[in-house]
Structure formats: structure tokens, C-alpha cells
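This report refers to the structure that appears directly beneath it.
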Amino acid sequence: MMPFQQQPQIGIRDTAAHRAIRYRTTGSGHGAIVRLMSPSDLGHLVKPFVFLDLFEGESSFINGMPMHPHSGIATVTVITEGNLRFEDAESGTGMIDYGGVEWMRAGGGVWHGKEMSVGTSRRIQGFQLWVALPPALENATVDSQYLESSVMPQVGPARVILGSYLGVQSPVRAPAGMNYLLVTLPAGESWSYVPPEGHESLWLSVSRGSLCAPERVLAGEMVIFEPGSGTVTLKAMHNDTVFVIGSAQPHPYDLALGNYSVHTNPQALRAGEAKIAEIGARLRDYLKKPNPSASVPVFK
């Protein structure tokens, strides 16, 4: 992760209309993937949002994603350009394009990584977000959803990916207390986000174009706003601008971190990692069979 910069605090209290940016980062690149936030850095500031990747490149890079485990979190993948095909034993097959969503509640443990494959587009862009789960769900059973863009509700320029906004509820089975929106603003247009009551954490990240917030936020940046309840007004600069914005009630738990896991305490982390190891052993045995299926989208 590249160093992030704390914004000057001068003048914040001079105007209630200005919700200042506290941190900004351009992350660190890993090929087609840029890691903007991890649980060990900015994730502590905006939890339950604890991890954010921006991915962009030739669609074929998705073929190189290995099977890998998670526990204690949910992953949310949103497509902002191009499309990917999904395949799941329980959900069937389909295509996710702009505004489409993959939701994977890892809970007590899961291995995945092959449920998404190349679609019809040459290039792909999108975000993957991790959400820390509350104690009641962090070691629960796996729950996954693959939602095509046609079923995702919209309020003005915003797709409601998680939560509820202005009376419109996302179909994603996410815990209460958080919102996650995908917004496209035409050049020169403004849009205001009014956080629900109690949503003190607020951040956004731009994938295309640039915003005035009122400081400029460029494509590839993530910014975190000062804690509070105030509205933030955003204006697309010279080009159409695509960004995600998240707000939430603060996650009132510590982050117990593993290599692929985030839990609320060390005991829950040990349980999750033990389950991951057990599933991994079964997965390796399965792959040694003479004629395993061509793909193993999810193993739980």
C-alpha cells in the first residue's frame, strides 16, 4: 500500500456544508489489481468496510485467479465496465455486467476463485470489497448470490448494491447498517449523498473520470471523509465519472486478522482458520480424483 496522506484540518469547523476528506490513497498495484485498502491499514478507519481492490485490464486475467479461502467476511464484487460470466452449482449460470454483483458471505469458511470467468468483453473493470461480519455471522454458513444488473435497483444515478437508500432496498442479503452504491454522473452534473442516521463512516473510490468533493478526486483514488453525519455533494468534472461510495454504522469490534480472514476476536479467527484448513484438505483430495469436474467454483 502506497503511503496515504492526512488532509489539512484547517477550516473544517468553518462551514457545516463541507465534509472534509481525511485520507486519500492510490493504493499499490499488483498487475491488473490495485489494492486501495486492507484490514491492517485504512480498514480500521471505516470498518465494517475493511478491504478494497480496483481491478482493470484484459478480461483474461480472471483466468489466473487461484482457488483461495476466506472466513469471517463477505466479499462484494461489482462490475463497472465489461462483463464476466458466473457459474455456480446452486445459482446456475449468467452474465454480470455494469452494476451486476457477486456477493459471497464466507462466514465460517469457504474456498472459491473459479466461479467467475471471461465473458464477451475484451476488457473488464470493477471493485472487490470485503465487509467484516458481526459475531452472529462471522462463523455462520456460506451464502452466495449472483445478481445480474437488471435486478439491481437504482435511485437517480446510483445503483443500490448493499443496504437501503431513499426507500430502495438492495436484494443482496447483507447485514444491516451499511450502504454501498455504484454511481455514474454525467460530466458537469452534481449529486448529493445523505448518509442514513448513524452512518458515521463514509468513503468513496473513483474508477473513471474525476470528482469535485470539493477537493478533486481522480480515477484510481480512494478517499475517506471525516467521521460524522453530514451530506457530501459530488460533481463530475470534465468527463462522465463512475465511482463507488460506502457508508456505515461503525463496526464496534476489533479486527482479528488472518491471511484470508477477518474476525471479531482471536477465538472466532481460530475457528475460521481451522474450518478453512479442513475444507482445503477435502478440496485437495477432490482434485486428486481421476476425473474431477473441469471447474470447482466454490468448495464449502
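The sequence shown runs 1 to 300 under full-length UniProt numbering.
We put the beta carbon where it would ideally sit given N, CA and C, even for glycine.
Treat the numbers as computed from the prediction; the structure is a model and nothing was measured.
- In the DSSP assignment, Gly-64 falls outside any alpha helix (DSSP H) and carries neither an H nor an E.
- By the C-beta density criterion, Val-244 is buried, having at least 16 other C-beta atoms within 10 angstroms.
- For Val-160 and Val-168, the gap between their C-alpha atoms comes out near 7 Å.
- If you check the CB distance, Gly-99 and Met-152 come in under 7 Å.
- Relative to the Cα of Leu-52, the nearest Cα in the group Ser-59, Thr-25, Gly-64, Leu-257 belongs to Thr-25.
- In the DSSP assignment, Gln-267 falls outside any beta strand (DSSP E) and within the unbroken alpha helix (DSSP H) covering 266-287.
- Sixteen is the threshold: when 16 or more other Cβ atoms of the shown chains lie within 10 Å of the Cβ of Gly-119, as they do, the residue is buried.
- The three-state reading of DSSP puts His-44 in helix, counting H, G and I together.
- Proximity to Ala-236 across Gly-230, Cys-212, Gly-246 peaks at Cys-212, based on C-alpha coordinates.
- Excluding the 5 residues flanking it on each side, Glu-148 has same chain C-beta neighbours closer than 7 Å at Gly-94, Met-95, Ile-96, Gly-100, in chain order.
- Taking the C-beta atoms as reference points, Pro-48 is found nearer than 7 Å to Ala-248.
- With contacts defined as CB atoms closer than 7 Å, Glu-102 and Val-298 fail to qualify as a contacting pair.
- Annotation for Val-262: Pro-39, Val-50, Gly-72, Ile-73, Ala-132, Leu-255 place their beta carbon closer than 6 Å to its own, counting only its chain and skipping 5 residues before and after.
- Val-78 is not a Cβ neighbour of Gly-31, given a cutoff of 7 Å.
- Beta-carbon to beta-carbon, Ser-229 and Pro-195 are separated by about 6 Å, close enough to satisfy the 8 Å threshold.
- Nearest Cα to Ala-174 within the set Pro-290, Thr-80, Ala-106: Ala-106.
- Beta-carbon to beta-carbon, Gly-163 and Trp-191 are separated by about 17 Å, too far to satisfy the 8 Å threshold.
- The beta carbon of Val-142 sits closer than 6 Å to those of Gly-107, Val-110, Lys-300, all from its chain and outside the five residues before and after it, given in chain order.
- Around the CB of Asn-179, 16 or more other CB atoms lie within 10 Å, so the residue is classed as buried.
- Looking only at Ala-158, His-18, Ala-136, Gly-209, the smallest Cα-Cα distance to Asp-240 is reached by Gly-209.
- In this structure Ile-279 is not in contact with Pro-135, their Cβ atoms being roughly 21 Å apart against a cut-off of 8 Å.
- Secondary structure at Ala-136: helix, using DSSP grouped into helix, strand and coil.
- Excluding five sequence positions before and after Gly-177, the CB atoms of its chain that fall closer than 7 Å to its own CB belong to Ala-248, Gln-249, given in chain order.
- By the neighbour-count criterion, in which 16 or more other beta carbons inside 10 Å mark a residue as buried, Leu-166 falls on the exposed side.
- Here His-251 is buried, its C-beta having at least 16 other C-beta atoms within 10 Å.
- Assignment of beta-bridge partners to Leu-182 by DSSP yields Arg-159, Val-244.
- Apart from sequence neighbours up to five positions away, the residues of its chain that approach Val-217 with a beta-carbon distance below 6 Å are Val-206, Leu-211, Val-223, ordered along the chain.
- The three-state secondary structure of Val-262, taken from DSSP, is strand.
- Boundaries of the beta strand (DSSP E) around Glu-102: 101-105.
- DSSP places Val-151 within a helical segment (H, G or I) once states are collapsed to three.
- Ala-256 is bridged by DSSP to His-263.
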